[in-house]
Amino acid sequence: MQPCPDRIKIIIDQYADVFEGIGQLPGVCKLTLKEGAVPTVPPPKRVPFALEKRLKAELDRLEQMKIIEKVTKHTDWVNSVVIVEKANGNLRICLDPVDLNKNLKRPHYPIPKFESITQRSAGAKIFYKLDAT
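Using full-length UniProt numbering, read the sequence shown as starting at 1 and increasing by one per residue.
Have a look at this one:
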């Protein structure tokens with residue numbers, strides 16, 4: 001079955017506000033640490049001189065868009081910044097949360113079995129695949 005661009009466009013037009021700008025989830029994310037977790041502050045990674053101004057500009061832009069916020073007080077956990085130059089020349093700013101991840105207590109969510117999914121979708125006529133990357 002081929003996607004139907006006209007129907008997709010109608011849906012996008014009908015719910016245009018959903019597709020505007022950067023989405024934000026309400027509330028605060030709470031992370032649960034394992035018992036005895038010791039906070040880490042790794043030494044800062046060196047930023048190549050050629051990227052310093054662009055990094056500062058991108059951080060300022062992300063702060064203005066309220067995607068990130070400046071931390072003005074002490075924090076026990078710090079993640080290293082990893083900067084990747086994208087093919088188009090823009091910077092992708094990532095965090096390396098390896099130490100934090102090792103110390104998180106994670107909730108477990110069972111993955112539904114294929115048979116269960118196919119049974120629930122029996123009789124369905126329209127299917128859609130969404131790639132949120």
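Ideal Cβ placement from N, Cα and C applies to all residues, glycine included.
- Using a Cβ-Cβ distance cut-off of 8 Å, the region 115-128 and the region 73-91 are not in contact, since fewer than three pairs of beta carbons, one from each stretch, lie closer than that value.
- DSSP, read as helix, strand or coil, puts Ser116 in helix.
- The alpha-carbon of Phe49 is positioned some 49 Å away from that of Phe127.
- Counting along the chain, Glu63 sits inside no beta strand (DSSP E); it lies in the alpha helix (DSSP H) bounded by residues 49-64.
- The beta carbon of Leu31 lies closer than 7 Å to those of Leu104 in the same chain, with the five residues before and after it left out.
- Secondary structure of Asp96 (DSSP, three-state): strand.
- When rounded, the separation of the alpha-carbon atoms in Asp60 and Ser121 is 46 Å.
- Each residue's CA atom was taken as its position, placing Cys29 and Thr75 some 16 Å apart.
- Counting only residues of its own chain and dropping the five nearest sequence neighbours on each side, Glu58 has a CB closer than 7 Å to the CB of Leu91, Ile93.
- Within the DSSP secondary-structure output, Glu69 pairs in no beta bridge.
- Ranked by how close their Cα comes to the Cα of Lys70, the residues Lys34, Ala37, Lys56 have Lys56 in first place.
- Per DSSP, the beta-bridge partners of Glu85 are Leu91.
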